[in-house]
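34 is the number that the working numbering gives to position 34 of the sequence shown; each next residue is one higher, with no gaps.
Beta carbons: idealized from backbone N, C-alpha and C, even for Gly.
Owing to the predicted nature of the structure, the values given are computational and were not obtained by experimental measurement.
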Amino acid sequence: MTQPPRLPAISREQMAPDQIAMLDAILAGPRKNLNGPFVAWIHSPELGELAQRLGAFCRYDTGLPLRLSELAILTTAACWQSQAEWHIHLPIAIEAGLSPQVAEQIRRGETPQFTLRDERVVWQFASELYRGKRVSDATYAEACELFGLPVVVNLVGLLGYYALVAMTLNTFGMRAEGQGEGDLPFAEPAR
Numbered sequence: 001m002t003q004p005p006r007l008p009a010i011s012r013e014q015m016a017p018d019q020i021a022m023l024d025a026i027l028a029g030p031r032k033n034l035n036g037p038f039v040a041w042i043h044s045p046e047l048g049e050l051a052q053r054l055g056a057f058c059r060y061d062t063g064l065p066l067r068l069s070e071l072a073i074l075t076t077a078a079c080w081q082s083q084a085e086w087h088i089h090l091p092i093a094i095e096a097g098l099s100p101q102v103a104e105q106i107r108r109g110e111t112p113q114f115t116l117r118d119e120r121v122v123w124q125f126a127s128e129l130y131r132g133k134r135v136s137d138a139t140y141a142e143a144c145e146l147f148g149l150p151v152v153v154n155l156v157g158l159l160g161y162y163a164l165v166a167m168t169l170n171t172f173g174m175r176a177e178g179q180g181e182g183d184l185p186f187a188e189p190a191r
């Protein structure tokens, strides 16, 4: 059963100047659309402006290849069972070179069968951080060896940002553009 939306509709004509400025910044940036948490963040434009700028960095400038950034995002989406986040990022991850089988194992909450070391390390790092709230010395050392300390710092930021995205999407029951109830990758709990 489809739940009623939690966010009131807001037209551009109803927006305050700071909301319009945030909207324009998103549409002029690398995303070029409002797919994701941005419709919620328009209701708090100061948070939205800061978050969308952080998100642009985390998505495009962490120093990780797109395949690994998207793997980290899918791991986050699965952890939070974020319907829209998974729906948006799965095709990007596959196009960037992530195996569909690995993605499906992540979605089901299984330990993926990785063939690439860098993917295993990103997944292990994210999984340890989400499950145990810490990263083991061994995983941390391997991540630093593979990626360097600045990129590991950026990976933590990416994971934190996409957890914020997932929480926003889940709280407001948001779906991705074009995502119907039959396109939900995770069982939806009752509200």
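Tell me where the alpha helix (DSSP H) around residue i begins and ends.
i, result
"D61", "No alpha helix (DSSP H) holds D61; DSSP gives it neither H nor E."
"F114", "Looking at the DSSP string, F114 is not in any alpha helix (DSSP H), and its letter there is neither H nor E."
"P17", "P17 to A28"
"H87", "Q83 to E95"
"F147", "D137 to F147"
"E104", "P100 to R107"
"F38", "F38 to W41"
Take residue i and list the residues in its own chain whose beta-carbon comes closer than 6 Å to its own, dropping the five residues that flank it on each side.
i, result
"T139", "Q124, F125 and E128"
With a 10 Å radius around its C-beta and 16 neighbouring C-beta atoms as the bar for buried, classify residue i as buried or exposed.
i, result
"Q83", "buried"
"G182", "exposed"
"R6", "exposed"
"M167", "exposed"
"Q101", "exposed"
"L27", "exposed"
"A40", "buried"
"P65", "exposed"
"L171", "The residue asked about is misnamed: residue 171 is Thr in this sequence, not Leu. Result: exposed."
"N33", "exposed"
"E95", "exposed"
"Q113", "exposed"
"A93", "buried"
"Q52", "buried"
"G178", "exposed"
"T111", "exposed"
In chain order, what residues of the same chain lie with their CB nearer than 8 Å to the CB of residue i, ignoring the 5 residues before and after it?
i, result
"T115", "S99"
"S11", "none"
"M1", "Confidence at M1 is low in this model, with a pLDDT of 46, below 50, so its placement is unreliable and no value can be given for it."
Within its chain, find whatever has a CB closer than 7 Å to the CB of residue i; leave out the 5 residues flanking it on each side and keep chain order.
i, result
"H89", "E70, I73, L74 and A77"
"S136", "E128"
"G109", "A78"
"R175", "Q83 and A84"
(request) Determine contact between the region 23 to 36 and the region 69 to 76, defined as no fewer than three beta-carbon pairs at a distance below 8 Å. (result) No, because fewer than three Cβ pairs between the region 23 to 36 and the region 69 to 76 fall closer than 8 Å, the two stretches do not touch.
(message) Tell me whether the region 81 to 95 and the region 41 to 61 touch, counting them as touching only if at least three CB pairs, one residue from each stretch, are closer than 8 Å.
(response) The answer is no - the region 41 to 61 does not touch the region 81 to 95, with fewer than three Cβ pairs under 8 Å.
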